[in-house]
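*Asks:* Each residue of the sequence shown is one higher than the one before, counting from 451 in our numbering.
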Amino acid sequence: NLMLAYINTMTMKEDLPENLWFYGDGAYLTCKGSDALEDLKALVEKGVNVSTCGTCLNFYELEERLEVGEVTTMSDFVDLFASSEKVVTPA
Numbered sequence: 451n452l453m454l455a456y457i458n459t460m461t462m463k464e465d466l467p468e469n470l471w472f473y474g475d476g477a478y479l480t481c482k483g484s485d486a487l488e489d490l491k492a493l494v495e496k497g498v499n500v501s502t503c504g505t506c507l508n509f510y511e512l513e514e515r516l517e518v519g520e521v522t523t524m525s526d527f528v529d530l531f532a533s534s535e536k537v538v539t540p541a
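#1: Report the three-state DSSP secondary structure of Thr-505 (helix, strand or coil).
#2: Going by DSSP in three states, Leu-512 sits in which element: helix, strand or coil?
#3: Quick check: what's the CA-CA separation for Asp-475 versus Glu-464?
#4: Since I believe Ala-486 is in contact with Ile-457 (beta carbons under 8 Å), could you give me their beta-carbon distance rounded to a whole number of angstroms?
#5: Quick one: Cα of Met-453 to Cα of Val-538, how far?
#6: DSSP has Glu-520 in a bridge; who is on the other side?
#7: Where does Leu-479 sit, in a helix, a strand or coil, going by DSSP?
Spelled out as structure tokens, the structure:
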């Protein structure tokens, strides 16, 4: 999976993003059973903020399965997106 490889590669870098925000079916990556959890937890330990869209967690019925990071709102995402110097999104 390309996204899993991308997240894993980030753990080996020194220049890390300040924030990772997961939305849509990307919310599964921050939840119990995800193959990305170990790497995401390592990134949190290195100071990266991991956030997941609360609306997305609700839609996919994942609220009780969140394992890493915090739950955010769409308003938080809009603010974060607008204030970021660089934004990388999956194609």
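Beta carbons are placed, not taken as given, at the ideal position from N, Cα and C, and that holds for glycine.
*Replies:* Let me spell this out:
#1: Thr-505: helix per DSSP, three-state reduction.
#2: In the structure shown, Leu-512 sits in coil (DSSP, three-state: anything other than H, G, I, E or B).
#3: Cα to Cα, the separation comes out at about 28 Å.
#4: In this structure, Ile-457 and Ala-486 form a Cβ contact; the two beta carbons are roughly 5 Å apart against a cut-off of 8 Å.
#5: Looking at the two C-alpha atoms, the distance is approximately 12 Å.
#6: In DSSP, Glu-520 forms a bridge with Ser-501.
#7: It is helical.
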